[in-house]
Amino acid sequence: MSEIPDPVPLDRRRDRIVALVKSCGFMAVEELARRFNVSVQTIRTDLRDLQEQGRVFRRHGLAGPAPDPDNSAYEKREVWNRSGKMAIAAKIAELIPEGCTIAIGTGTTAELAAQHLSSHRNLTVLTNNLHVVLTLQNAPNVTLRLAGGTVRTRDLDIIGADSADFFGGLRADYGIVSVGGMTDDGDLLDFNMDEVRARRALVGCCDHAILMIDEKKVGRKALCRDGHASDFQTVLLNSAPGDALQRALVRARCKIVISA
């Protein structure tokens, strides 16, 4: 009869759990308990502590690799689902009228949207995104106002308290934002709380808030959960929403726009 292996010591077991889910993806708690010859409750305790340390991610009885503590480099994000982002950006130009004030947030989709707004007349743009400023700097009929503060040089944006104060003291007719990720049922995810604060402040300063979501963001994990797609007057996607998200948006009377 084969002998049952001795349980792996706690610290080594937790290191091996992290390595295992990084290699295999999401695994059931019961499977981890079997592999390490410990009780399910012990594994749950391990996973709870590992999640508090930011080393794993728990969801519905499963454990998986922790989301990155920060987003990928701007240059890499520019090419992810570029066709979907371009379709969303082109639709923005149809949704935003001329002669208005618009607040534009951070990210690659926002930069593409700014490109499509460059021919609008009498447009005032409030932004914390230097890519937007560079895109619109030669647009003849656009007035630019940029948030002051510390620049996040990797992404060329200003987030956190500086951008919150900037947007908090202004008013816009429209605001457009994207997020780091979104759950299947519409919870919004970002990579740090400074990004969340900037988004909150931008949405709070505008009369009509538009959320831009390309299909690659749905199901993408990020560390900070804050807000829901139904908090926006318009949700702009490049593909039809899933059933759970659509039900939530319909209940909230959000306008759903699918870019062609």
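According to the UniProt record's numbering, the residues represented by the sequence shown are 1 to 260, in order.
Here a beta-carbon is modelled for each residue, glycine too, at the ideal position from N, C-alpha and C.
Residue pairing by DSSP places M182 opposite L188, V218 in a beta bridge.
For I102, the uninterrupted beta strand (DSSP E) segment begins and ends at 101-104.
Looking at the DSSP output, C224 bridges to D190.
When the beta-carbon positions are compared, L211 and V235 come within less than 8 Å of each other. Going by C-alpha positions, L20 is about 21 Å away from G219. Exclusion of the five residues before and after R171 leaves C205 as the residues of its chain whose Cβ lies within less than 7 Å of its Cβ. In the structure shown, G204 adopts helical secondary structure according to DSSP, grouped into three states. Excluding sequence positions up to five before and after C254, its CB lies within less than 8 Å of the CB of A229, S230, F232, Q233, T234, V235, all in the same chain and listed in chain order.
G181 and F191 have their alpha carbons spaced roughly 9 Å apart. Between V29 and A63, the gap from beta carbon to beta carbon is short of 8 Å. Around the Cβ of H120, a 10 Å sphere holds 16 or more other Cβ atoms; the residue is buried. Between the region 87-94 and the region 158-170, the count of Cβ pairs shorter than 8 Å is below three; the stretches do not touch. Membership of V235 in the beta strand (DSSP E) is indicated by the continuous run 234-237. Beyond the five residues adjoining it in sequence on each side, A201 comes within less than 7 Å, by CB distance, of S163, A164, F167, G168 in the same chain, given in chain order. Membership of G168 in the alpha helix (DSSP H) is indicated by the continuous run 161-168. With respect to the C-alpha of A110, the residue from T124, S178, N138 having the closest C-alpha is S178. Residue environment for S259: buried (at least 16 other C-beta atoms within 10 angstroms of its C-beta).
For A172, the uninterrupted beta strand (DSSP E) segment begins and ends at 172-177. Inclusion of V125 and L136 in the CB contact set at 8 Å is warranted, their separation being smaller than that value. Looking at G175, D226, E215, V203, the one whose alpha-carbon comes closest to that of L189 is D226. The region 48-67 makes no contact with the region 97-109: fewer than 3 CB pairs, one atom from each, lie closer than 8 Å.
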